[in-house]
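J.:
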Amino acid sequence: MAGSSHGHTPAAWTGVIIAFIGFCVAGAFMVMANVPGFWAGMALVVVGGLVGLVMRAMGLGAEKRPQREIRAES
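Numbers 1 to 74, taken from full-length UniProt numbering, label the letters of the sequence shown in order.
1. Below 8 angstroms on the Cβ atoms is my contact criterion, and I expect residue 78 with Phe20 to pass it. Report the Cβ-Cβ distance as a whole number of Å.
2. Over what stretch of residues does the alpha helix (DSSP H) that includes Leu60 continue unbroken?
3. Is Ile70 helix, strand or coil when you go by DSSP?
4. Use the C-beta contact count for Ala26: other C-beta atoms within 10 angstroms, 16 or more gives buried, fewer gives exposed.
5. Can you give the Cα-Cα distance for Phe29 and Glu69, rounded to whole angstroms?
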């Protein structure tokens, strides 16, 4: 685990920031009892996820490393 970057990539940061803004918008409009504003915020959360996926597909995400096989000994 210590050798991994834990997702510190432009794709991860951008997707999380957009999703966080969406959660904040949705939360604010939920408190104000504004249903369309709430759903607009939730749409931003989805957009954040999509932006992260698109950026990862463009090569701005973490590199895939080959998985090591771990065998249990009995």
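We put the CB at the ideal spot given by N, CA and C, even for glycine. Fair warning: this is a prediction, and the values are worked out from it, not measured in the lab.
T.: Looking at the coordinates:
1. It is not possible to answer for residue 78, since the shown part of the chain is limited to 1 through 74.
2. It is not in any alpha helix (DSSP H) - Leu60 carries neither H nor E in the DSSP assignment.
3. Three-state result, Ile70: coil.
4. Ala26 should be labelled buried.
5. In a straight line, the C-alpha of Phe29 is about 48 angstroms away from that of Glu69.
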